[in-house]
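Numbering (this note's numbering), first residue to last: 39 to 293. A quick write-up on the structure given underneath.
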Amino acid sequence: MFDLKGKIAVITGASSGLGRDAALAYAKEGVNVALLARRAEKLEELAKEIETLGVKAIAVKCDVAKEEEVKSAIETVVNEFGRIDILLNNAGVAVRGGVDTLNNDDWDKSMNINVKGIYLVSKYVIPIMKQQNYGKVVNVSSINAFLADKNDIFIRHSYNASKAAVLGLSQGMAASYAQYGITVNTICPGLFESEMTENTLFKSQEFLSKYNILCPASRPAKRGELNGTIFYFSSDASSYVTGQYIVVDGGLSIV
Ligand SMILES: NC(=O)c1ccc[n+]([C@@H]2O[C@H](COP(=O)([O-])OP(=O)(O)OC[C@H]3O[C@@H](n4cnc5c(N)ncnc54)[C@H](OP(=O)(O)O)[C@@H]3O)[C@@H](O)[C@H]2O)c1
């Protein structure tokens with residue numbers, strides 16, 4: 039029931055970090071992948087690497103906040119593969135700042151990429167999944183949907199708001215599309231090393247020491263530790279699970 043061989047997955051934010059890792063992990067399980075992000079060269083390099091694993095991979099340059107680019111990207115995927123089984127809505131940005139320091143452009147950037155991006159990509163993928171009467175949508179939120187911190191490095195009010203919105207959006211979608219054989223679930227990661235965190239959170243010894251003391255697992259996540267949950271929500275193992283979220287944070291949010 040965890041078998042993903044031969045499935046077609048669209049992964050947004052596949053050019054680095056968690057999206058890149060997920061794309062490689064899917065490919066190792068026999069999934070054909072469409073890689074979406076803005077940095078085309080990175081996607082093309084990754085597509086080449088993935089093709090050596092014996093599956094198909096296409097690189098599709100796409101800004102998820104721009105409707106015309108999203109529409110054309112999904113058309114490209116359907117022309118190439120004929121269907122879409124899995125949508126991993128992973129693209130995201132972590133803008134720092136509180137309501138008293140953010141400017142409106144920063145606020146809009148968080149909302150446009152982290153929330154509107156999921157809306158737009160889903161807008162073009164859901165009709166295809168409805169026709170198929172099958173689809174697995176996996177949205178990436180964050181523990182920052184429900185955890186905040188007074189520590190300066192963690193003050194990201196627009197990120198908090200956008201990631202909480204992902205949970206609400208996922209529930210709405212889940213309720214509407216279950217009747218079409220589509221599940222919509224959310225993953226809330228804790229701390230993973232990626233472009234988003236390597237020059238910020240991972241650079242601060244003070245932050246890391248505090249994290250390790252607070253976190254029951256006493257460490258950040260290791261590379262690939264999100265993929266089991268991604269596979270669960272992407273496969274028929276979760277066929278009767280929808281509108282739910284799983285927190286992958288080494289227990290940080292329970293203490
Ligand atoms: N790392 C963590 O500890 C952590 C924790 C909780 C949640 N998350 C979430 O996990 C997801 C992946 O983040 P990451 O940690 O892997 O960070 P990352 O390495 O910075 O990756 C972010 C990805 O999103 C893409 N992206 C950003 N804006 C985009 C846009 N407008 N259109 C299309 N793609 C866009 C980036 O590609 P381009 O720049 O090429 O467009 C990149 O591939 C995010 O949603 C993040 O909020 C991460």
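Heads up, the beta-carbon is just placed ideally off N, CA and C, and yes, glycines get one too. Quantities reported herein were computed from a predicted structural model and do not represent experimental measurements.
By DSSP, does arginine 58 sit in helix, in strand, or in coil?
-> By one-based count along the sequence shown, residue 58 stands at place 20. In the structure shown, arginine 58 sits in a helix (DSSP, three-state: H, G or I).
Is the distance from the Cβ of isoleucine 88 to the Cβ of alanine 72 below 8 Å?
-> Position 50 of the sequence shown, counted from the first residue, corresponds to residue 88. Position 34 of the sequence shown, counted from the first residue, corresponds to residue 72. Contact: no.
Would you call valine 279 buried or exposed, if buried means 16 or more other Cβ atoms sit within 10 Å of its Cβ?
-> Working through the sequence shown from its first residue, we reach residue 279 at position 241. Flag for valine 279 reads exposed.
Closest by C-alpha distance to alanine 61, when choosing among Leu290, Gly288, Leu264 and Ile292 | As a working mapping, residue 61 is identified with position 23 in the sequence shown. From the listed residues Leu290, Gly288, Leu264 and Ile292, the smallest Cα separation to alanine 61 is found for Leu264.
Serine 208: which of Ile164, Val137 and Gly266 sits nearest, CA to CA?
-> The count along the sequence shown starts at 1 and reaches residue 208 at position 170. Of Ile164, Val137 and Gly266, the residue nearest in Cα terms is Ile164.
Please confirm if the segment 185 to 192 is in contact with the segment 113 to 131, defined as three or more CB-CB distances below 8 Å between the two stretches.
-> No, they do not touch.
Express the C-alpha separation of valine 286 and aspartate 41 in angstroms, rounding to a whole number.
-> The residue given as residue 41 occupies position 3 in the sequence shown. The residue given as residue 286 occupies position 248 in the sequence shown. Approximately 22 Å between the Cα atoms of the pair.
In angstroms with no decimal places, state the Cα-to-Cα distance between aspartate 146 and asparagine 127.
-> Numbered from its first residue, the sequence shown carries residue 146 at position 108. Numbered from its first residue, the sequence shown carries residue 127 at position 89. Their Cα atoms are separated by approximately 18 Å.
Name the residue from Ala63, Arg58, Gly55 and Lys104 whose alpha carbon lies nearest to the alpha carbon of leucine 158.
-> Residue 158 sits at position 120 when you count from the first residue of the sequence shown. Taking leucine 158 as reference, the option from Ala63, Arg58, Gly55 and Lys104 with the minimal CA-CA separation is Lys104.
Whole-angstrom distance between glutamine 169 and alanine 216, CA atom to CA atom = For the purposes of this step, residue 216 is identified with residue 178 of the sequence shown, where counting begins at 1. For the purposes of this step, residue 169 is identified with residue 131 of the sequence shown, where counting begins at 1. Rounded to whole angstroms, alanine 216 to glutamine 169 spans 13 Å at the Cα level.
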